[in-house]
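Numbering (our numbering), first residue to last: 475 to 750.
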Amino acid sequence: MNQGPVPTAHLFAPLHVELMALLRGLSDEDWLRPTPVPEWRVRDVAAHLLDGDLRKLAVVRDAHFPPPPDDPLEGYEDLVRYLDGLNAQWLRAAERLSPRLIVELLDVTGPAVSALVESLDPHEPAPFAVAWAGEEASPNWMDVGRDYTERWHHQQQIRAAVGARELLVPPWIHPLMELSVRALPRAYARLEAPGGTAVELEIPGVGTWTVERREEAWSVAPGAVPAPDCAVVADPATVWRLLFNALDVAAARERLQVTGDAALAEPLLHARAVMA
Numbered sequence: 475m476n477q478g479p480v481p482t483a484h485l486f487a488p489l490h491v492e493l494m495a496l497l498r499g500l501s502d503e504d505w506l507r508p509t510p511v512p513e514w515r516v517r518d519v520a521a522h523l524l525d526g527d528l529r530k531l532a533v534v535r536d537a538h539f540p541p542p543p544d545d546p547l548e549g550y551e552d553l554v555r556y557l558d559g560l561n562a563q564w565l566r567a568a569e570r571l572s573p574r575l576i577v578e579l580l581d582v583t584g585p586a587v588s589a590l591v592e593s594l595d596p597h598e599p600a601p602f603a604v605a606w607a608g609e610e611a612s613p614n615w616m617d618v619g620r621d622y623t624e625r626w627h628h629q630q631q632i633r634a635a636v637g638a639r640e641l642l643v644p645p646w647i648h649p650l651m652e653l654s655v656r657a658l659p660r661a662y663a664r665l666e667a668p669g670g671t672a673v674e675l676e677i678p679g680v681g682t683w684t685v686e687r688r689e690e691a692w693s694v695a696p697g698a699v700p701a702p703d704c705a706v707v708a709d710p711a712t713v714w715r716l717l718f719n720a721l722d723v724a725a726a727r728e729r730l731q732v733t734g735d736a737a738l739a740e741p742l743l744h745a746r747a748v749m750a
């Protein structure tokens, strides 16, 4: 079972408008509020979004890549540590930036990134694979989709911190979930199960997806199957927090409605659509 492309390039500009309206409405106290990301304040998340814009422009537009890591990256965990290190370096430097300056810089980089992703051929190879989806090579549409989920969920972290409305409605939520559930096969990869084993995830108001074991591998596709071995129902707020590392496993387990073989829901609790 395979899913087709999920177009998101057209959402960058309106999502950026939402971000700028949010940031411009923050008080001095708001910028220092804690977020669902451990040890990251609102200003840190905003600075991280700026870093993402700058990196996208440097790599994709200008073919300028960051320095290679000091040691070879031999697996997923090494890549996560490398990216965490890059993020930490940037946030230390960003302490020199005022909130006003962060907003002014985002006002430049956001439109530039929006124009860039709109200009890309969605089916050409992307410079980096989307590793959390288990891909070793990715087309541009998937890489752009990954960037969309990044920008969306970091904005959500700010919204959660300051009590602003969440963007859990169209046009945002459907492509977000269509992309994020692609993390599920990787989460299920170590689970041994007979061929045909199926786990259904229903997100009311958004959609239903089925993770199925076929030919010694797991895959995910939209839609339900007649008799899944396990069926999970979770609201959009729970799913985004779970997949984007903003909800611990114990809390998530209490919020899922599971029928059938509950053991088959366990990998879902550990799925992440971020590098973590």
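Yeah, the Cβ is synthetic: ideal placement off N, Cα and C, and Gly gets one too.
Bounding residues of the alpha helix (DSSP H) (the contiguous stretch that carries residue i)
| i | result |
| --- | --- |
| Gln630 | Asn614 to Val636 |
| Pro505 | Here residue 505 turns out to be Trp, not Pro, going by the sequence shown. From DSSP, Trp505 is part of no alpha helix (DSSP H); its letter is neither H nor E. |
| Leu728 | Looking at the sequence provided, one finds Glu at residue 728 rather than Leu. Its alpha helix (DSSP H) spans residues Val723 to Arg729. |
| Pro741 | Glu740 to Leu743 |
DSSP-derived helix/strand/coil call for residue i
| i | result |
| --- | --- |
| Ser654 | helix |
| Trp714 | helix |
| Glu676 | strand |
| Val480 | coil |
| Met475 | Residue confidence for Met475 is low, a pLDDT of 45 falling below 50, so the modelled location carries little weight and cannot support an answer. |
| Val643 | coil |
| Thr583 | helix |
| Pro514 | The question names Pro, but residue 514 in the sequence shown is Trp. DSSP places Trp514 in coil when its eight states are reduced to three. |
| Glu598 | coil |
| Val748 | coil |
| Val699 | coil |
| Ser588 | helix |
| Ser501 | coil |
| Ser572 | coil |
| Gly734 | strand |
| Ala705 | strand |
| Ala495 | helix |
| Ala603 | coil |
| Ala611 | coil |
| Ala667 | coil |
| Ala691 | strand |
| Leu523 | helix |
| Gly549 | coil |
| Asp536 | coil |
| Ala720 | coil |
Burial state of residue i, where buried means 16 or more other Cβ atoms lie within 10 Å
| i | result |
| --- | --- |
| Gln629 | buried |
| Arg639 | exposed |
| Pro710 | buried |
| Leu575 | exposed |
| Gly619 | buried |
| Ser612 | buried |
| Asp502 | exposed |
| Leu586 | As written in the sequence, residue 586 is Ala, which differs from the Leu given in the question. Ala586 comes out exposed. |
| Arg566 | exposed |
| Thr671 | buried |
| Gln631 | buried |
| Pro512 | exposed |
| Thr684 | buried |
| Thr623 | buried |
Start and end residues, beta strand (DSSP E) containing residue i
| i | result |
| --- | --- |
| Val685 | Gly681 to Arg688 |
is_contact[residue i, chain D] using C-beta, thresh 9 Å
| i | result |
| --- | --- |
| Arg729 | No chain D appears in the structure shown, which is made up of a single protein chain. |
Taking 8 Å as the cut-off, does the region 721-729 touch the region 664-677 (at least 3 CB pairs, one atom from each stretch)?
As far as the Cβ criterion goes, the region 664-677 does not touch the region 721-729, which means the pair count is below three.
* Asked: Taking contact to mean at least 3 C-beta pairs separated by less than 8 Å, is the region 534-546 in contact with the region 736-749?
  -> no
Across the region 644-663 and the region 521-531, are there enough close Cβ pairs to call them in contact, namely three or more that are closer than 8 Å? no
Next on the checklist: Does the structure place the region 547-555 close enough to the region 485-504 that three or more beta carbon pairs sit under 8 Å?
Outcome noted: no
Q) If you pair each beta-carbon of the region 680-699 with each one of the region 716-723, do three or more pairs fall below 8 Å? A) no
**Prompt:** Below 8 Å, can you find three or more Cβ-Cβ pairs linking the region 504-515 to the region 587-595?
**Reply:** no
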